[in-house]
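Those protein sequence lines, which keep their order, are chains U and P. Residue numbers are given in the numbering used here: position 50 of the first sequence equals residue 50, and the series is strictly consecutive. Here the numbering used here runs 1000 ahead of the position in the second sequence, where the first position is 1. Glycine included, every Cβ here is placed at the ideal spot set by N, Cα and C. On a predicted model such as this, the values are computed, not experimentally measured, just so you know. First comes the structure, then the notes that go with it.
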Amino acid sequence: MKNVKKTIPLILVLLMGFMLPVYAQDAEPITELQQNIQNLKQDVLKLNRNLFILEEDLLFPSNTQFSVFLSMDSGKLFSLDAVQLKIDDKVIANHLYTEREIEALKRGGVQRLYLGNLASGKHEIIAIFTGKGPQNRDYRRGETIQVEKGSDPQFIELQIIDNPTKEQPEFITKIWE
Amino acid sequence: MYFSHRQIIKFSAISLLLCLCAPVSASGERHEQKVTDLAYGTSLYYLFQDQKLRAITELGVAKQRQTLKNQPDDAELLLGGLYFEYGLPEDSEQILTRLLNEKTDAATTNRVWFNLARVQYEKNNYKQAEELLARISEQLPASREAQKNYMLSNVYINNQQFDQAAKMTSLIRPESNWSAFSQYNLGVALTNTEQLLQGQLWLTKLISRQTEEAELHSLQDAARLLLGLNALRKNLPDESIKYLSNIQADGAFTNRALLATGWAWSKLSNPRKALTYWLTLAEREQHDGATLEAYLAIANAYEQLDNKPLAIQHYELALLKFDASLNKLDEAVESIVNMELVNTLYSENINKPGIQNTIAESLPEYIATPYLHQVFASKDFQQTLLNYKELIEIHNALISWKSNLPTLQLMLLERINSFENKRQLIAQTSDFTQLKNLQQQRDLLALKVRRIKQNSDYYALANEDEIDYLEQLEDLKVVFEKLQNQHDLTEEKEKFRIMSGLLQWNISTDYPRRYWSLQHQLQLLDRALKQSTKSAASLQQASKINVVKLNDFKQRISGQGSEIERMEINASQLIEQQEQLINLQALEALEKRQQHVAQLKLSARYSLTRLYDELSKLRSAQ
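Dropping the structure here:
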């Protein structure tokens, strides 16, 4: 029995010992690898920004540029599944939402739904929202917006807002100056 | 105790990392700032999907285009946070500090101090973090205030100023998770410095908290295990069992709790009860250290019960298990060397958003997985994995740009061709020589008009019919001269006179109207010429601008291909290095595990030899 007792502290030490790595994570000074990663990240951020601007300038010149954005508030009265966007009766965008995208919208993010070119003049935009409405019923709603495109880029935001008084979702259009 | 102060503070660093740029936006919560600039909103959209590269790019583009007109400070704060989260703390600091240098309102300034303190805190510059937090002049929104007190509590723990740390911990609103983290850190730190009772007080507070959150349940289990082990160390096995028995049956600490509970019963001189726990643990057939230790403990318990044959049997079983475990570990090592871990991460998980938080749970069944749970949970490995994931994202982004670049080049070529086709027409339309000729013609016309006025030359403004009549009258004049000696032309001459007079009267009386009309035409011509000159100038200007623009596009595109190529090679090399680091960290963990098993094996072998010796001596004595 004497020997047996001697082994107990050893095992306890082992028990405690293997727990150590769970939190034993001291910070170390920045390594060369980390520094190289940081340098690459800085380069890529710059490249990404420049190429995004270049792409936009080249493909969507400011005089014809037209963008549609989408945002929503809590989304309690309408659970968005998909959006279809038409300009002058021509389908220009279809978007089927993932859970992460819906979550990002509910948390205050704004999605750029469409970026394209539109000639100056009057146009009709139709947005068709599909999803689940109050009481989890299938819900489909179309919104028509008349816009007049000028020579500056145009930004339109489609907002999905809960109206607690009417217990219905509301679809609002905001034209950004 | 078991954890150093710094180790304790590191505990929730990963949770904290997620909150810098959206302090109130704990998972699922709506962002506290209203979106008044679209780019701010789109950046949030990507941030909330864990696409930081894109989120930063959105703000970077908007900044360059100067479209952040309504909430520039919010955007800078967000950008500072994003840079920090993207592993660029220096850039983050620069942005935040720049924001402070400008004239910003008190609320924004406080947010900047808070975020800068967070940067320093994460860099382990606790003194600077404390100083920065002290500059915050007003109460922050509830969630950030809780984080602030959490950080201060940890700073004080680091300085061993436990009273202040306790004060800060008490200030955190109890329903906040920061309160739980702080209670844990403080409880462990106090225990670590032998202030066992105070430590126990904070840990007990933590475990008495009602919660539905898995993360907090896990933290409570960690606290219970510590309390249980402490009690065991203080030779209070009853108390130890009280804590250990409340640990979740299927949590990360279950096996360790079963092992420790066994030891507690053993200390209570109840090896049978101890055996129940250890046998339960052994039956779980898991690969962790606690389960392996249980095999040894079982044999030990039989020895305590003086059942040497069973003890020998179990020591031998333990040896078999340890050998099997060592074999498995060898296989795991080999698999890592053969890049299987990296391949598994790459193919199955690495591209999933938020993978850095869930890797330990979501890693698919793979030979080394059972041995790597602890290393997966460590901050170093999580950071390595996060870097790996970000490098792959970068690599993917570069490949995408590489494939898009020809499209951009083609688009530019199309625009150049289209412009070249129009150029001749533009040159013709905007030809100033032609305009100069027209101007000269106009000047001649104006001179004529002036002369008409000066000479009151009514006939110059006669219309075609009138000119025709005048010509006819002139012809008649000639006829009269020829016939005047042959005929009496008095009547005809009288008619001629009346008609000439009438025509002259018509022309002269209509002269002012005709002259005004002429002048008006001249003015219209002037205007048209002016407009043409302006249009030609504008066309020439537009043409020049277009040439500049197209050249600018050319310049912007040229060189990007090689730059992307360079970065892609760099990214590939760094991915390779990061893979080596992942393997290294995993191999280190496996090596530790091998050492642990080897130690257990040695202990089992020793006990077995000792038991055989004792049996042999017993037999000799008989």
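Provide the residue span of the alpha helix (DSSP H) that contains residue i, from first to last.
i, result
"Glu177(U)", "Here Glu177(U) belongs to no alpha helix (DSSP H), and DSSP marks it neither H nor E."
"Thr1291(P)", "1289 to 1304"
"His1314(P)", "1308 to 1337"
"Asn1343(P)", "1340 to 1344"
"Asn1149(P)", "1142 to 1158"
"Phe52(U)", "32 to 59"
"Asn1551(P)", "1490 to 1557"
"Arg1233(P)", "1214 to 1233"
"Phe1480(P)", "1464 to 1483"
"Tyr1040(P)", "1038 to 1047"
"Asp1457(P)", "It is not in any alpha helix (DSSP H) - Asp1457(P) carries neither H nor E in the DSSP assignment."
"Thr1169(P)", "1162 to 1171"
"Tyr1126(P)", "1126 to 1134"
"Ser1266(P)", "1254 to 1267"
"Gln1200(P)", "1196 to 1207"
"Asp1238(P)", "1237 to 1244"
"Thr1276(P)", "1271 to 1283"
"Ile102(U)", "99 to 106"
In the DSSP output, which residue or residues are listed as bridge partners for residue i?
i, result
"Tyr1184(P)", "Beta-bridge pairing links Tyr1184(P) to no other residue."
"Gly1081(P)", "According to DSSP, Gly1081(P) bridges with nothing at all."
"Tyr1371(P)", "DSSP lists no partner for Tyr1371(P)."
"Leu80(U)", "Gly131(U)"
"Phe171(U)", "Ile160(U)"
"Met72(U)", "Ile160(U)"
"Gln65(U)", "Asn117(U)"
"Thr144(U)", "Ile126(U)"
"Lys86(U)", "Val91(U), Ile126(U)"
"Tyr139(U)", "Gly131(U)"
"Lys149(U)", "Gly121(U)"
Assuming residue i is part of the beta strand (DSSP E), what are its boundary residues?
i, result
"Ala1055(P)", "Element bounds for Ala1055(P): not the beta strand (DSSP E) but the alpha helix (DSSP H), 1052 to 1065."
"Asp162(U)", "154 to 163"
"Glu1032(P)", "Glu1032(P) -> no beta strand (DSSP E), and no H or E assigned at all."
"His1596(P)", "Run containing His1596(P): none in the beta strand (DSSP E); it sits in the alpha helix (DSSP H), 1560 to 1621."
"His123(U)", "121 to 132"
"Leu113(U)", "111 to 117"
"Ala93(U)", "90 to 96"
"Lys1103(P)", "No beta strand (DSSP E) holds Lys1103(P); DSSP gives it neither H nor E."
With distances taken between CB atoms, is the gap from residue i to residue j smaller than 8 Å?
i, j, result
"Ala1294(P)", "Leu1281(P)", "yes"
"Val110(U)", "Thr1042(P)", "yes"
"Ala93(U)", "Leu77(U)", "no"
"Leu1292(P)", "Phe1322(P)", "yes"
"Val945(P)", "Ile1582(P)", "Only positions 1001 to 1622 of chain P appear in the structure, and residue 945(P) is not among them; the question remains open."
"Ile1241(P)", "Leu1275(P)", "no"
"Leu1670(P)", "Tyr1243(P)", "The first residue shown for chain P is 1001 and the last is 1622, placing residue 1670(P) beyond what the model contains."
"Tyr1315(P)", "Leu1608(P)", "yes"
"Ile102(U)", "Leu80(U)", "yes"
"Leu1197(P)", "Ile1157(P)", "no"
"Val1119(P)", "Glu1093(P)", "yes"
"Glu157(U)", "Phe69(U)", "yes"
"Leu1522(P)", "Val1449(P)", "yes"
"Arg1256(P)", "Ala1231(P)", "no"
"Asp1074(P)", "Tyr1040(P)", "yes"
"Tyr1371(P)", "Leu1319(P)", "no"
"Ile172(U)", "Ile125(U)", "no"
List the residues of chain C that residue i touches, going by C-beta distances under 8 Å, in chain order.
i, result
"Met1411(P)", "Although the question refers to chain C, the structure presented lacks it and instead comprises the protein chains U and P."
* Between the segment 28 to 48 of chain U and chain P, which residues of the former have CB atoms less than 7 Å from a CB of the latter, in chain order? -> Leu33, Asn36, Ile37, Gln38, Leu40, Lys41, Gln42, Asp43, Val44, Leu45, Leu47, Asn48
| task | Taking a Cβ distance cut-off of 8 Å, strictly less, list which residues of the segment 96 to 110 of chain U are near chain P, in chain order. | result | Arg100, Glu101, Glu103, Ala104, Leu105, Lys106, Arg107, Gly108, Gly109, Val110
Worksheet item: When Cβ atoms are compared, which residues of the segment 56 to 82 of chain U fall closer than 7 Å to chain P?
Response: Leu58, Leu59, Phe69, Ser71
| task | Could you run through the segment 1546 to 1573 of chain P and flag, in chain order, every residue whose CB is less than 8 Å away from some CB of chain U? | result | Phe1553, Arg1556, Ile1557, Gln1560, Glu1563, Ile1564, Met1567, Asn1570, Ala1571
Would you mind listing the alpha helix (DSSP H) stretches within the segment 1372 to 1443 of chain P that are 4+ residues and don't spill past its ends, in chain order?
1379 to 1429
field: Cβ-based contacts, 7 Å cut-off: residues of the segment 1175 to 1204 of chain P near chain U
entry: none
If the cut-off is 7 Å on Cβ atoms, which residues from the segment 118 to 133 of chain U count as contacting chain P, listed in chain order? none
- Query: Of the residues that make up the segment 1108 to 1119 of chain P, which ones have a beta carbon closer than 9 Å to any beta carbon in chain U?
  - Reply: none
Checklist entry - Mind listing which residues of the segment 1501 to 1532 of chain P have their C-beta closer than 8 Å to chain U's C-betas, in chain order? => result none
Which residues, in order along the segment 150 to 169 of chain U, keep a beta-carbon less than 9 Å from a beta-carbon of chain P?
Phe155, Glu157
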